[in-house]
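Asker:
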Amino acid sequence: MRAALFCMALLAGCAGALLHEDHPLAGRVWDVRAGVFVAPEGALERAANARYVVLGETHDNPEHHRLQRIALDAIAARGGPRALAMEQFDAEHQPAMDAARAKGADAESLADAGRFDRKGWNWPLYKPLVEFAVERGWPLVAANLSRETARAIIADPARSGLPPASAELRATLERDLIDGHCGERPETKRLAGMVAAQRARDALLAQRLAAHPAGGVLIAGAGHARKDSGAPLYLASPESLSIGFI
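What the sequence shown shows, in numbering that gives the first Met the number 0, is residues 0 to 245, in sequence order.
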C-alpha cells in the first residue's frame, strides 16, 4: 500500500437524519484524495489491505454502526486477527477488561469490566461490535482519555504533553468545538484547554491503536477520523485508512 493516508467518506442512509435511504448519495463512497466515487467493494478491499483503519461515526446513528460491522466482517474475512480499539472505553480500564477476557467474558461482561457508559453511549448500538471482537478473537482495546484526565488538561493544557498546535490545526479544532457547542464560543482560556484535551484524546486513540503492530481498527466519532485534525494525524503509519460515515 502506498505511503499515504487514504481517506474517504461513505455516505450512509440515515434514518430520520440528514440523508435518507432514497437520497442519491446514500450508500455511495467518495474517495477524498482522488475526488471520485468508488465502488463499496473496492473501499472494503482497501480497508482489508490497510494495517490500521479508522471508522468514524455519528455516535447515535444505527446505520453507521451497521456499516461498521459490515466493514469489520469484510476485514476479518481477508486477514488474521487484529485489534479492535474503541473510543467508548477509557484506557485506564484495560487491565480489568483483559482480566475479564481471560476468563471467557462475553460482550455484556466486557462492558461491565470496562465500565461502559451504557446510557451515554447507547449500548445496543455498540454491543454488536464488542460481540464481533469476542467471536473473532480480536483483542479489545480501551482507547479513550478519561473524563478526569480531560478535565485536568482543560485546566492546564501543558498536561497534554504535546507540542503546540499549528495555527491551522488550532483554528480547525476551535471551529469544531464551537460548532459542537451550538455556535457558542467558550472563553478564550477554556477554549484553549478544550483544544488541548481534544488533541490529547486523538493522540491517545492513535497510540492505543498503533500499540498493535499486527494492525487494528479504531471505532470513534467522525471528528476523530479526520486525517487533518483527528487521530490519523498522530498515527505514524503509512498503511492507514480513514473512513468517515456521513
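Yeah, the Cβ is synthetic: ideal placement off N, Cα and C, and Gly gets one too. Note that this is a predicted model, so its numbers are computed, not measured.
1) By how many angstroms is the C-alpha of residue 73 removed from the C-alpha of residue 136?
2) Taking only three categories from DSSP, how would you classify residue 29?
3) Does DSSP classify residue 204 as helix, strand or coil?
4) Nearest CA to the CA of residue 40: which residue from 51, 61, 90, 66?
5) By the 10 Å Cβ neighbour count, where 16 or more other Cβ atoms means buried, how is residue 105 classified, buried or exposed?
6) What did DSSP end up calling residue 210 once you bin it into helix, strand or coil?
7) Which word fits residue 155, buried or exposed, when buried means at least 16 other C-beta atoms lie within 10 angstroms of its C-beta?
8) Of the choices 88, 225, 235, whose alpha-carbon is the least far from that of residue 31?
9) Can you tell which of 71, 228, 181 has the C-alpha that lies nearest to the C-alpha of residue 134?
10) Taking the beta strand (DSSP E) that residue 48 belongs to, which residues open and close that run?
11) Quick one: Cα of residue 236 to Cα of residue 51, how far?
12) Pair every Cβ in the segment 76-92 with every Cβ in the segment 205-223, then say whether three or more of these pairs are closer than 8 Å.
13) Quick one: is residue 78 buried, meaning 16 or more other Cβ sit within 10 Å of its Cβ, or exposed?
14) Helix, strand or coil: which one does DSSP assign to residue 245?
15) Tell me which same chain residues have a C-beta within less than 8 Å of the C-beta of residue 55, skipping the five on either side of it?
16) What's the C-alpha gap between residue 132 and residue 125?
17) Give the DSSP-derived three-state secondary structure of residue 110 in the structure shown.
Answerer: Looking at the coordinates:
1) Counted from its first residue, the sequence shown places residue 136 at position 137. Counted from its first residue, the sequence shown places residue 73 at position 74. The alpha-carbon atoms of residue 136 and residue 73 are separated by roughly 15 Å.
2) Numbered from its first residue, the sequence shown carries residue 29 at position 30. Reduced to three states, the DSSP call for residue 29 is strand.
3) Counting from one through the sequence shown, the residue named residue 204 turns up at place 205. Residue state, collapsed to three classes: helix.
4) Within the sequence shown, residue 40 is the residue found at index 41, counting from 1. Nearest option by C-alpha distance: 66.
5) In the sequence shown, residue 105 corresponds to position 106, counting from 1. Classification of residue 105: exposed, given that the 10 Å Cβ count is below 16.
6) The residue labelled residue 210 in the question sits at position 211 within the sequence shown. Here residue 210 sits in coil by DSSP.
7) On the sequence shown, residue 155 is found 156 positions in, with the first residue counted as 1. Per the 10 Å Cβ criterion, exposed.
8) The sequence position of residue 31 within the sequence shown is 32, counting from 1. Per the Cα distances, 225.
9) Mapped onto the sequence shown, residue 134 falls at position 135. Closest option to residue 134, Cα to Cα, is 71.
10) The residue given as residue 48 occupies position 49 in the sequence shown. Residue 48 -> not in any beta strand (DSSP E); alpha helix (DSSP H) instead, spanning 39-48.
11) Position 237 of the sequence shown holds residue 236. Position 52 of the sequence shown holds residue 51. Distance between the alpha carbons of residue 236 and residue 51: 8 Å.
12) yes
13) Residue numbering aside, residue 78 sits at position 79 when the sequence shown is read from its first letter. Classification for residue 78: exposed.
14) In the sequence shown, residue 245 corresponds to position 246, counting from 1. If DSSP states are grouped into helix, strand and coil, residue 245 belongs with coil.
15) Numbered from 1 along the sequence shown, position 56 holds the residue referred to as residue 55. Counting only Cβ-Cβ distances below 8 Å, and skipping sequence neighbours, we find 219, 220, 221, 222, 223, 224, 225, 229, 241, 242, 243, 244.
16) As a working note, residue 132 is residue 133 in the sequence shown. As a working note, residue 125 is residue 126 in the sequence shown. About 11 Å.
17) Along the sequence shown, one-based indexing puts residue 110 at 111. If DSSP states are grouped into helix, strand and coil, residue 110 belongs with the helices.
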